[in-house]
Every structure is written in C-alpha cells, then in structure tokens.
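**Student:**
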Amino acid sequence: MVQIWAGTDIGKTHHHCVVLDAEGKRLMSRRVLNDEPELLALLGDVLAIAEDVVWAVDVADGMAALWINVLLNHRQRLVYIPGLAVNRASAGYRGMGKTDAKDATVIADQARMRRDLTVLRPDEENVVELRVLTDRRSDLNADRTRRINRLRGQLTGIFPALERVLDLGNAGPLILLSGYQTPAALRRAGRTRLETWLRNRKVRGADALAETALEAAGRQHTAVPGEKITAQVIHTLAKEVIGLNEQIAEIDKLIAARFRRHELAEVISSMPGIGTLLGAEFLAATAGDMSRFGSSDCLASFAGVAPVPRDSGNVSGNLHRPRRYHRGLQRVFYTSALISIRSCDASRRFYERKRAEGKRHTQAVLALARRRVNVLWALIRDRRCFQHELPVTEAA
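In the numbering used here, the protein residues as written are 1214 to 1609.
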C-alpha cells in the first residue's frame, strides 16, 4: 500500500499543507483557510492520493485545535513535531529563505524520516476542561503577581515603612490598602476606628494589623509629592488584586470538582505533596495516560527532572537539564517534592541523604522529584493508592 506524509504548518487564519511520497517527492502544496469546510476538503483531497497517510503538525493546541480534532475524528494518524525542532531542521534544507511552504515540507519530511515523534490522541472532555482551567488559573496568578509588584512599587514611593511590614499575599493588608494608603490617613483614623473598620470587613487579626499599620504611620510625617494620586492608584491596584483573588478562588472550586471526577484522582492525590491543584495540572499535562510515554524514564525526561548528558571528547559525565521539557509538569513534580519533604518521612530521609552526599538544595529536590516520578508511574500503572508503610505479609 502506498504511504504518504502530510505536514501542516499551522497559522492563525491559514494553514499550509505539503504532501510527500516515500521518496520525498512533493505531491501537493496547498494553503488552506482555518475553517472546517476547507479543512475537510483538504482531508478528502489528500486521502484521494493515498489512504495510508501520516499527518504531522508543529503546534498541538490553540490555533491548531480545529485541524487536529478534524483529523482525529476521522481516525487519522497524527504526530507532533515541536516548532523548535522544525526550525533547527530547516537549516539542513536547500535555501536560506523561510516560507510556510518550506516549513510544511520540513514537517512532512521529518515525519517521513523519524520514528520518535509523539503520536497525538484524542483527550477526554474532563482532561480538556482541566487543561483550560489550569491555564486560566496560571494567567490569573501571573496577573495577580504583576499587580502586587506594582502595588509594592507604588506604596514604597509614598509610604515605605508600611510596605515593609505588610504581606500583600494575604487578604487583610489588601483590604487595609483599599481604604487607607497614607500615613496621615491612618493617624486620623486612630486605632479604635481602624480596628472596627477592619473587623466590619471580616479581616482576621484586625487588632494586630491595625497596630502594625499605625506604628508604621507614626514613623513617617513627611508627605511626598504626588501622594494623593499615588494613593488613588494604590486603592485601584488593591481592589484589582482582591478581585483576582476572588476569581482564582472560584476557578479553584471548578478545578477541584473536575479533578475529583477523574478515575485517577484518588490514586494521584494519595501521593504525599500532591493535592487537588497539582493533581489537576498533572492530568492536564499527561491526560493520565502513561502509555503515551512508554516508561517512567520518558515521563521524567518530558517533565525535565531527568538530566541529559552533554559529553564531548574527553569530557564525560557532563549532565544538564534538558532544553526541551514541559515546564508545567516540572513545576508539579518539583513543588510536590518540596511539600513532601515536610509531610512524608521517606521523602525527608531521601532529601537529607542527598544533602549529606554533597548535593545542593535544588539538586536534592530534583533527585527526589525524579524518584517520585517512578513511584507515581507505578501507582497509576497498578491503579493503587500510595501507602506510607509497606504491607506486612504473614508467613505461611
């Protein structure tokens, strides 16, 4: 049976598809609108050339979602080649220019020659929802961090003593700044009035926060230029951060509900250090399907917790972090390893042993994360929950 390879260079409004035969000869080159009727027409025309097609794309989500799902819904074999790999491979092809047609040709030719590319498969609806929600939460968290940094900068400009003593990661200080931003305003309010104002807004530790704020106000009696307009900006930023905190809390509830519905939720969350959020991020990155990776070593490499050698000549044992890995999945294993050091005796002993061997803190945590990949892999494979103590078997 004749086999062909179809590479698609993904674009926002248009894709470009190039079809090659077994000898690398171009059979088709077409620019197609990113719209379902045009994509279905392209699919039909390619299948008319040969029914045995290997499709390849350089983007696995976002603007490629419609095309990927059209192919998967028609039971087509689809592989993914990262854009960075396409860019580097292009240097080995004739011509110095860069066009969509050339990129599509490189994608198709790499799919023709390589056997190590990731095969894309349809994901469960629940996994797709978790991916969307965790990505949205990451965006909201980044927005909150940016606004808190701006808030700190503005507050330092007019009231550095207060900025030093407030933890803006907590709700109480944000509520305080939504009402009072300057030393004079805090002194005019006084302790009793300020404490009552905070309690009416359900701030925990209102008395301690009021005392801290008034102590800072007592150390500054100079009004800096632009204080009034800066106070308004601080008020606005504090309100925005409070609003983002509410949005994140709501999305956390949605993530928790969808995570608990997954069949692997109990198994994944049984691992020390992995809660609802990290478990949801793990499912979003892997779909919980370990067959996509083949082994725990491949999963560790994908997560960026397995070092890769960069040896040359007489230099050997030169290990570094891989250049291409899933940063979200690395965060899951690294963060959960940090948490497990405090909550799991076995993890703490492993970490301390690595430190005693001369490893730095980060190296020891990464070693623990790598070890935990093997454990989680085995738990998912066997569909059983983590046990802190090994089961005792009675002798016959």
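In this text, a Cβ means the ideal position worked out from N, Cα and C, and glycines have one as well.
#1: Looking at C-alpha atoms only, which residue of R1404, I1388, T1443 and T1405 is the closest neighbour of R1417?
#2: Determine contact between the stretch 1259-1273 and the stretch 1222-1232, defined as no fewer than three beta-carbon pairs at a distance below 8 Å.
#3: Give the straight-line distance between the Cα atoms of S1514 and T1489, rounded to the nearest whole angstrom.
#4: Contact criterion: CB-CB distance below 7 Å. Does R1344 meet it with respect to chain B?
#5: Thinking C-alpha only, which one of A1498, G1571 and S1504 is nearest Y1538?
#6: Go through its chain and collect everything with a Cβ distance to A1608's Cβ below 6 Å, but skip five positions before and after it.
#7: Can you list, in chain order, the residues of its chain whose CB lies under 6 Å from that of L1467, leaving out five sequence neighbours each side?
#8: I think L1330 touches A1321, with their Cβ atoms under 8 Å apart; what is that distance to the nearest whole Å?
#9: In or out: G1507 buried (at least 16 other Cβ within 10 Å) or exposed?
#10: Quick check on the DSSP output: the beta strand (DSSP E) that includes C1557 runs from which residue to which?
#11: Could you give the distance in angstroms between the alpha-carbon of L1427 and the alpha-carbon of G1366?
#12: Report the rounded CA-to-CA distance for C1230 versus R1244, giving the unit in angstroms.
#13: Could you tell me how far apart the beta carbons of G1486 and V1437 are, in whole angstroms, since I believe they sit closer than 8 Å?
#14: Give me the residue from A1469, W1218, A1384 and G1385 with the minimum Cα distance to A1235.
#15: Straight-line CA distance for D1248 to S1483?
#16: Report yes if the CB atom of Y1564 is closer than 7 Å to the CB atom of A1582, and no otherwise.
#17: Going by C-alpha distance, which of A1591, N1587 and G1501 is nearest N1339?
#18: Using the rule of at least 16 other Cβ atoms within 10 Å of the residue's Cβ for burial, across every protein chain shown, is P1396 buried or exposed?
#19: Helix, strand or coil: how does DSSP classify H1574 here?
#20: On the CB-based measure, 16 or more other CB atoms within 10 Å of its CB, does S1504 come out buried or exposed?
#21: In the DSSP assignment, find the alpha helix (DSSP H) that holds R1328 and state where it starts and stops.
#22: From E1440 to D1348, what distance separates their C-alpha atoms?
#23: Report back the beta-carbon spacing between V1259 and M1241 to the nearest angstrom; my notes put them in contact at under 8 Å.
#24: Expressed to the nearest angstrom, what Euclidean distance is found between the alpha-carbon atoms of R1350 and L1477?
#25: On the DSSP bridge list, what partners appear for V1231?
#26: With 16 as the cutoff for other CB atoms within 10 Å, does V1378 come out buried or exposed?
#27: What does a CB cutoff of less than 7 Å around P1335 pick up in its chain, not counting 5 residues either side in sequence?
#28: Going by other Cβ atoms of all chains shown within 10 Å of its Cβ, with 16 needed for buried, is D1352 buried or exposed?
#29: Shortest alpha-carbon distance to W1410 belongs to which of C1557, G1392, I1361 and L1512?
#30: List the residues that DSSP assigns as beta-bridge partners of D1322.
#31: Let me make sure I understand the geometry here. Which of D1265, V1232 and W1280 has the alpha-carbon closest to that of L1252?
#32: Quick one: which unbroken alpha helix (DSSP H) runs of 4-plus residues sit fully inside the stretch 1339-1364? Chain order, please.
#33: Between the alpha carbons of F1495 and L1291, how many angstroms are there, rounded?
#34: Where I1464 and H1287 are concerned, what is the direct C-alpha to C-alpha distance, given to the nearest angstrom?
#35: Going by alpha carbons, who is nearest to E1342 out of V1588, T1358, R1555 and R1474?
**Tutor:** The answer reads as follows:
#1: I1388
#2: yes
#3: 24 Å
#4: Absent from the structure is chain B; it holds one protein chain and no more.
#5: A1498
#6: No answer about A1608 holds up, because its pLDDT of 49 lies below 50 and its placement is not dependable.
#7: L1346
#8: Not quite, the Cβ-Cβ distance comes to about 12 Å (not below 8 Å), so this is no contact.
#9: exposed
#10: Unbroken run through C1557: none, as it is neither H nor E.
#11: 20 Å
#12: 6 Å
#13: Not really, about 45 Å apart at Cβ, beyond 8 Å.
#14: W1218
#15: 43 Å
#16: no
#17: G1501
#18: buried
#19: helix
#20: exposed
#21: No alpha helix (DSSP H) holds R1328; DSSP gives it neither H nor E.
#22: 37 Å
#23: 7 Å
#24: 22 Å
#25: G1220 and S1242
#26: exposed
#27: L1285
#28: exposed
#29: G1392
#30: Paired residue(s): none; D1322 is not in a bridge.
#31: W1280
#32: none
#33: 23 Å
#34: 34 Å
#35: R1474
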